[in-house]
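Engineer:
Numbering (this note's numbering), first residue to last: 3 to 69.
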């Protein structure tokens with residue numbers, strides 16, 4: 003599957019773990035892991051929640067369409 007989101011990269015930039023994110027947004031570690039691996043994509047609502055928790059613009063969580 004083509005990488006659509008940058009959640010894993012943003013977590014690394016912020017030096018936080020997927021486990022931490024899962025706890026912050028009330029999702030399972032497995033769900034966050036699947037998002038980070040781009041196996042499934044989070045909903046827009048989940049992306050917005052992730053952006054708020056990580057204090058980033060939601061656009062930073064997505065790959066540019068021209069890549």
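The C-beta atom is built at its ideal place from N, Cα and C for all residues, glycine as well.
How big is the Cα-Cα spacing for residue 15 and residue 8?
Structural biologist: Numbered from its first residue, the chain shown carries residue 15 at position 13. Numbered from its first residue, the chain shown carries residue 8 at position 6. Distance between the alpha carbons of residue 15 and residue 8: 11 Å.
Engineer: Between the beta-carbon of residue 63 and the beta-carbon of residue 18, is there less than 9 Å?
Structural biologist: In the chain shown, counting from the first residue as 1, residue 63 sits at position 61. In the chain shown, counting from the first residue as 1, residue 18 sits at position 16. No, the pair does not count as a contact, with Cβ atoms beyond the cut-off.
Engineer: Short of 6 Å in beta carbon distance, which residues of its chain neighbour residue 37, apart from the five on each side in sequence? Order them along the chain.
Structural biologist: As a working note, residue 37 is residue 35 in the chain shown. Closer than 6 Å at the Cβ level, and outside the excluded window around residue 37, lie 9, 44.
Engineer: Ignore the nearest five residues each way along the sequence and tell me which others in residue 35's own chain have a CB closer than 8 Å to its CB.
Structural biologist: Taking the chain shown and counting its residues from 1, the one referred to as residue 35 is at position 33. Excluding sequence neighbours, residue 35 sits near 20.
Engineer: Could you pull out every residue in the same chain whose Cβ sits closer than 7 Å to the Cβ of residue 40, ignoring the five residues on either side in sequence?
Structural biologist: Counting from 1 along the chain shown, the entry for residue 40 is found at position 38. Counting only Cβ-Cβ distances below 7 Å, and skipping sequence neighbours, we find 3, 5, 6, 7.
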